[in-house]
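Heads up: the sequence shown begins at 5 in this note's numbering, then just goes up one per residue. Beta carbons are placed, not taken as given, at the ideal position from N, Cα and C, and that holds for glycine.
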Amino acid sequence: MSFLRSRLGLAVAAVLAGLMVTVGGVAASGTAAAAPSASVAEHKVPKGLKTHRVAASALRFRAAPAGWVKGLLYRGDRVFIRESYVGSPWVKVVVVGKSRSGIAHETRGWVHRSYLKR
Numbered sequence: 005m006s007f008l009r010s011r012l013g014l015a016v017a018a019v020l021a022g023l024m025v026t027v028g029g030v031a032a033s034g035t036a037a038a039a040p041s042a043s044v045a046e047h048k049v050p051k052g053l054k055t056h057r058v059a060a061s062a063l064r065f066r067a068a069p070a071g072w073v074k075g076l077l078y079r080g081d082r083v084f085i086r087e088s089y090v091g092s093p094w095v096k097v098v099v100v101g102k103s104r105s106g107i108a109h110e111t112r113g114w115v116h117r118s119y120l121k122r
C-alpha cells in the first residue's frame, strides 16, 4: 500500500508542478509569457461580426442552452453571437474582453437572445 501511495504522490507532485509553471505565466522553456491586454477596445472581433451588449442587470452565462451556469454577465458586458438557430431563443456567444464578473475574454457560452442589444 505504501508503494502505491508513494507512486501516486509522485504523480500528483508532477502534475502540480506543471500547473504552477502554467499558472505562473512562465512557459516550459523558462521565458515569460506575454500578459493579456486589459483594454476592451483592443480585443479583436472577427470581421463582419457586430458586438452585442447585455441589457439585463444580470444574465446567466450557461454551458449549454438551459444548462449549468458558468457565470454571470452584467449590463454593458460585450459579446458577439457565434451561433444561433432559427426558432430558438438561445444563442452561443463569445465574451469580448473580460466581463465585470471576471469571465475571461473569448470564453464561449450560451445566453437567451432577449437580453442582448446592439
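Just curious, the beta strand (DSSP E) that S88 is in, first and last residue? Run containing S88: R82 to S88, per the beta strand (DSSP E) assignment.
Under DSSP, the beta strand (DSSP E) around L53 begins and ends at which residues? Where L53 is concerned, there is no enclosing beta strand (DSSP E), given that its DSSP letter is neither H nor E.
If we ignore side chains and look at the alpha-carbon of each, how far apart do K96 and S105 end up? Taking the straight line from one Cα to the other gives about 19 Å.
Do R66 and V58 count as a contact pair if the criterion is CB distance below 7 Å? Judged by their CB atoms, V58 and R66 are not nearer to each other than the 7 Å cut-off.
Spatial distance of H116 from A70 (CA atoms): The straight-line gap from Cα to Cα measures roughly 9 Å.
Rounded to whole angstroms, what is the Cα-Cα separation between A60 and E110? Here the alpha carbons of E110 and A60 stand approximately 20 Å from one another.
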